[in-house]
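In UniProt numbering, the protein residues as written are 1 to 369.
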């Protein structure tokens, strides 16, 4: 009996083979399989590259010891910030060599639930279960302001530029049943600009495109729309049968994305004169919320003007839909836990995902799909 040849090593991930530059679109060759046996000859597939990432999928890991609760690109797309239940914030380079150049671990005393990059200054805004809104200068890593913003857990925040005044406003949503508005930047007051009382915990918040309205997701399954100038609710978006987990405004300001604990994701029409009385533009399915009641964060694509939306799920995948048709374009695997947060690169077809497994993935998308 002849001896059997050694088995090939188990396949883990594609081997990238660089090719010479040419005028044609960049392509990588990926080895799908290999073997010594005639029946297991190597299969090489050419993959059209659509971004400046080093590989179609890049893993960012090693910084967090607990679940990642929010991750976002900065406005330039060059940097990434992620916050975690381990009470720290990690800072990363988007492009090679994808270094983790900062870890902020002393600014909060409880899980950090959400973060946002400032729109005009090198500041990072973070909110936590310790009821604190923190301002951090990312060039030095030092906290510049600390505001005890609420009397309950702060679940979410969003920021906008206030009209032509050149002032950045921050809205924070809390379990204490209020949403408060603050001045951003390093010189703002520690007193809130406005306070909206909902009467039940607020789980999510987003500004309108003009900065005049606030969309607030709450435990009563509704999205309350408040006018900042009037200081009162002007209408409500209904349709959810369970709590909205996050809110994201489309790049053109016309639609609002809202996943929920019911595993239904709704796109609402928030234009001033909506042709639909219910203001429901699309109801999307495919991202299961699971039983953990995690505040899953969705996002709109930006490089194509908002033609796609994405939400992570308890099935450890990210679901990406086409907005016009409502069909599922991708179900992206790779994580070993619930995918808690998603963001799109501002300039390239790149998706960023964070998970309960404490890792992030950068994935390159094909716009032609």
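By construction, the Cβ of each residue, glycine as well, lies at the ideal position given by its N, Cα and C atoms.
Buried or exposed for residue 353, going by 16 or more other Cβ atoms inside 10 Å? buried
Between the alpha carbons of residue 268 and residue 312, how many angstroms are there, rounded? 19 Å
Identify the continuous beta strand (DSSP E) that holds residue 362 and give its terminal residues. 360-364
Residue 230: which of 213, 236, 135 sits nearest, CA to CA? 213
Rounded straight-line distance, which links the Cα of residue 217 to that of residue 242: 11 Å
For residue 369, does the count of other Cβ atoms within 10 angstroms reach 16, so buried, or fall short, so exposed? exposed
C-alpha distance - residue 247 paired with residue 157, whole-angstrom precision: 10 Å
Taking the alpha-carbon positions, what's the residue 206 to residue 244 distance? 12 Å
Do residue 299 and residue 263 come within 8 Å of each other at the CB atom, strictly closer than that value? no
Out of curiosity, what's the CA-to-CA distance linking residue 361 and residue 59? 5 Å
Terminal residues of the continuous beta strand (DSSP E) containing residue 331? 328-332
Cβ neighbour criterion (16 or more within 10 Å) applied to residue 232: exposed
Since residue 351 contacts residue 310 with CB under 8 Å, what's their CB separation in whole angstroms? 6 Å
Using a Cβ-Cβ cutoff of less than 7 Å, which residues in the same chain neighbour residue 261 once the five nearest sequence positions on both sides are dropped? 242, 243, 245, 289, 293
Could you give the distance in angstroms between the alpha-carbon of residue 108 and the alpha-carbon of residue 132? 7 Å
Alpha-carbon to alpha-carbon, residue 277 and residue 103: 47 Å
Let me confirm a value: residue 297 is counted as buried when at least 16 other C-beta atoms fall within 10 Å, else exposed. Which label applies? buried
Helix or strand or just coil, what does DSSP make of residue 279? coil
According to the Cβ coordinates, are residue 168 and residue 119 closer than 8 Å? yes
Among 220, 234, 321, whose alpha-carbon lies nearest the alpha-carbon of residue 226? 234
Please classify residue 285: does DSSP put it in a helix, a strand, or coil? strand
Spatial neighbours of residue 95 within its chain, please: CB distance less than 8 Å, with the 5 preceding and 5 following residues excluded, ordered by chain position. 52, 53, 54, 78
Would you grab the beta carbon distance between residue 179 and residue 202 for me? Rounded to a whole angstrom, and I think it's under 8 Å. 5 Å
With 16 other Cβ atoms within 10 Å as the buried cut-off, status of residue 69: buried
Count the other CB atoms within 10 Å of the CB of residue 306; is the residue buried (16 or more) or exposed (fewer)? buried
Would you kindly work out how many angstroms separate the C-alpha atoms of residue 74 and residue 186, rounded to a whole number? 18 Å
Can you find the residues in the same chain that come closer than 8 Å, C-beta to C-beta, to residue 190, ignoring five residues on each side of it along the sequence? 145, 147
Which value, in whole angstroms, describes the spacing of the CA atoms of residue 316 and residue 341? 11 Å
Among 182, 200, 199, the one whose alpha carbon lies nearest that of residue 193: 182
Range of the contiguous beta strand (DSSP E) that encloses residue 268: 264-269
If you follow the beta strand (DSSP E) that residue 91 is in, where does it begin and where does it stop? 89-93
For residue 271, collect the residues of the same chain with a Cβ closer than 7 Å to its Cβ; drop the 5 residues on either side in sequence, then sort them by chain order. 254
Residues in the same chain with beta-carbon distance under 7 Å from residue 347, minus the five sequence neighbours each way, listed in chain order, please. 77, 303
Inter-residue Cα distance where the pair is residue 84 and residue 116: 14 Å
Closest by CA to residue 327, which one among 357, 285, 359, 295? 285
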